[in-house]
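First the structure, in the form of C-alpha cells, and then the observations on it.
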Ligand SMILES: [Zn+2]
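Residue numbers (full-length UniProt numbering): 1 to 440.
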C-alpha cells in the first residue's frame with residue numbers, strides 16, 4: 001500500500017518512437033500504486049483525500065528500464081593489477097565465500113537503489129556472481145525496503161574458460177548440462193537467463209577474442225527451449241555476426257551488444273520462430289566500450305588487448321545499430337552497469353550515446369529505454385509508459401530530455417516506483433569519473 005497522490009501540472013512524455021507528449025497534464029495514482037488517470041488536466045476529476053504534488057510545469061517520463069545490468073560492482077575503474085587472470089580467479093574465489101556473499105548482497109542493494117534514485121524503476125540483471133540479485137529482489141518484494149522491480153539472472157551460462165567464467169558464470173559442456181543449469185537457476189528464483197555466446201572485451205586475453213563464438217548452437221538451443229518452457233526470455237552476449245546468427249537460430253530473444261548484420265540475421269531478428277515471442281531484439285550497451293575507446297588508455301588503465309577488443313567491438317556495435325535502424329529491428333536499452341566506467345547512476349548516458357553516436361533520435365532513445373524495453377521483456381501491461389492501469393513508474397525532470405538532452409535525467413525532481421514517491425532523490429557520484437566521461 002502506498003499513499004495515493006496527484007501529480008499536477010506536468011508534460012507527460014509518452015515514450016513512443018515519435019516523442020509524443022501530453023501538455024498541461026495530471027497523473028492520478030491510487031493506494032495500490034497504479035495510475036488511475038493520466039492526461040490533460042481539464043479532463044480529469046481530482047479525487048479527494050490524495051496527496052497533492054505540484055509538478056510546476058516539469059516533465060514526467062516513464063520510469064526507465066535497464067535491460068542489461070550487472071550489480072556486483074559500482075563501475076569505478078579497477079586498478080590494473082585487479083584485471084590479470086590470476087586476480088580474477090582470486091576475486092571469484094572470494095565472491096563465492098561467505099564473507100564474499102555478504103559483501104555482494106550489500107553492494108547489490110546499494111547499486112539497485114542508486115539506479116532507482118536516478119530514475120530506473122525496472123532492472124534486468126544479466127550476469128550476477130551468484131544469487132545476490134535474487135535475494136535483493138526478494139527483500140524488495142517482501143517490503144524490507146523500497147526498491148525497483150528486479151529481474152535477476154543469477155550466474156550467466158558459459159563455456160569453461162569462456163566469457164564470464166569463472167566469476168559470474170556456470171559452465172557446461174553439453175546441451176543436457178546447460179538445460180539443467182537453466183532449471184537450477186530458475187529454481188533458485190531467477191527470472192532472466194543469460195548466455196555468453198561469444199568472447200567479451202573486458203576479460204579477453206588476446207586481440208580478436210571478443211566476438212569469437214564460444215557456445216555451440218545446440219547447447220544454446222537447449223537453454224532457450226528450457227527457459228521458454230518456463231516463459232522466460234533468453235539474452236545472449238554476442239559480439240560478432242557469426243555468434244549472433246548462431247544465437248538467433250538457437251532461439252535467443254535479446255542479442256546483447258551486437259554487430260554488423262547479414263541477411264540471415266536481419267530476417268531472424270524480425271521473424272524468429274525459435275524465440276519466445278516470435279521476434280528478437282538488439283540491446284547495444286555502448287557504455288561498455290565507448291569510454292574505453294574515447295579515453296586515453298593511460299586514463300582508463302586498460303591494457304592493449306582490452307583496448308584493441310573494445311575498439312573492434314565498438315565499431316561492431318555501431319554497425320549493429322545502423323543495421324537495426326535501417327531494417328526496423330527493435331532496439332532496447334541496457335547499460336552494462338558495474339563494468340569499468342559504467343556506474344549505476346549514469347543510465348542517461350546510454351540514451352545520450354545511442355543518440356549521439358548510434359544515430360537514434362532522442363525520442364527513439366527514450367523509447368528504447370521505456371516502451372520498447374517493456375515490450376521485449378514482456379512487461380508492457382504493467383510499465384513502460386504513463387497510462388491508466390499501469391504501475392506508477394515515473395521520473396519527473398526539470399527539463400524536457402527530448403529537447404534539452406538526456407542530462408536532464410541527472411538530477412530528477414521526483415522518482416516514483418510502483419507508486420512510492422521519492423522526492424529529490426540523491427545518489428553518490430564519482431566526480432573524477434564523471435569529469436572524464438564529460439570530456440567526450
Ligand atoms: Zn554485460
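Think of the CB as a built atom: it goes at the ideal place given N, C-alpha and C, for glycine as much as any other residue.
Remember, predicted model here, so these are calculated numbers, not experimental data.
* Have a look at 247, 177 and 231 and flag the residue whose alpha-carbon is nearest the alpha-carbon of residue 221. => 247
* Straight-line CA distance for residue 312 to residue 208? -> 8 angstroms
* Please find out if some non-hydrogen atom of ligand 1 comes closer than 7 angstroms to the beta-carbon of residue 126. => yes
* Please determine, among 401, 393 and 72, the residue with the shortest C-alpha to C-alpha distance to residue 65. => 393
* Asked: Three or more C-beta pairs closer than 8 angstroms, one from the segment 183 to 203 and one from the segment 224 to 233: is that the case here?
  -> yes
* Given that a residue counts as buried once 16 or more other Cβ atoms are within 10 Å of its Cβ, and exposed if not, what is residue 301? -> buried
* Note the first and the last residue of the continuous beta strand (DSSP E) segment covering residue 8. => 5 to 13
* Asked: Exposed or buried, residue 350, counting other C-beta atoms within 10 Å across all chains shown (16 or more means buried)?
  -> buried
* **Segment contact, 8 angstroms Cβ cut-off, at least three pairs: the segment 347 to 364 with the segment 312 to 331** => yes
* To do: Count the CB pairs spanning the segment 367 to 375 and the segment 9 to 25 that are closer than 8 angstroms, and state whether there are at least three.
  => yes
* Leaving out the 5 sequence neighbours to the left and right, which residues in its chain are closer than 8 angstroms to residue 205 when beta-carbon positions are compared? -> 85 and 305
* Asked: What are the boundary residues of the alpha helix (DSSP H) that residue 157 is part of?
  -> From DSSP, residue 157 is part of no alpha helix (DSSP H) but of the beta strand (DSSP E) over 156 to 158.
* **Cβ-Cβ distance between residue 243 and residue 281 below 8 angstroms** => no
* Taking the alpha helix (DSSP H) that residue 177 falls in, what are its first and last residues? -> 175 to 187
* Have a look at 152, 294, 169 and 154 and flag the residue whose alpha-carbon is nearest the alpha-carbon of residue 160. => 169
* Cβ neighbour criterion (16 or more within 10 Å) applied to residue 285 -> buried
* Top-ranked residue by Cα proximity to residue 39, from 117, 241, 386 and 440 -> 386
* Could you round the C-beta distance between residue 155 and residue 128 to whole angstroms and report it? I think they count as a contact, below 8 angstroms. => 6 angstroms
* Is it true that the segment 172 to 179 meets the segment 40 to 56, where meeting means three or more beta-carbon pairs spaced less than 8 angstroms apart? -> no
* Asked: Taking Cβ positions, are residue 396 and residue 345 nearer each other than 8 angstroms?
  -> no
* Asked: Expressed to the nearest angstrom, what Euclidean distance is found between the alpha-carbon atoms of residue 240 and residue 354?
  -> 19 angstroms
* Asked: Taking 7 angstroms as the line, does the beta carbon of residue 256 fall inside it for any heavy atom of ligand 1?
  -> yes
* To do: Just the C-alpha distance for residue 200 and residue 22, rounded to the nearest angstrom, thanks.
  => 42 angstroms
* Would you call the segment 81 to 96 and the segment 270 to 277 in contact, with 3 or more CB pairs under 8 angstroms? -> no
* To do: Apply the 10 Å Cβ neighbour rule to residue 46 and answer buried if 16 or more other Cβ atoms are within range, or exposed otherwise.
  => exposed
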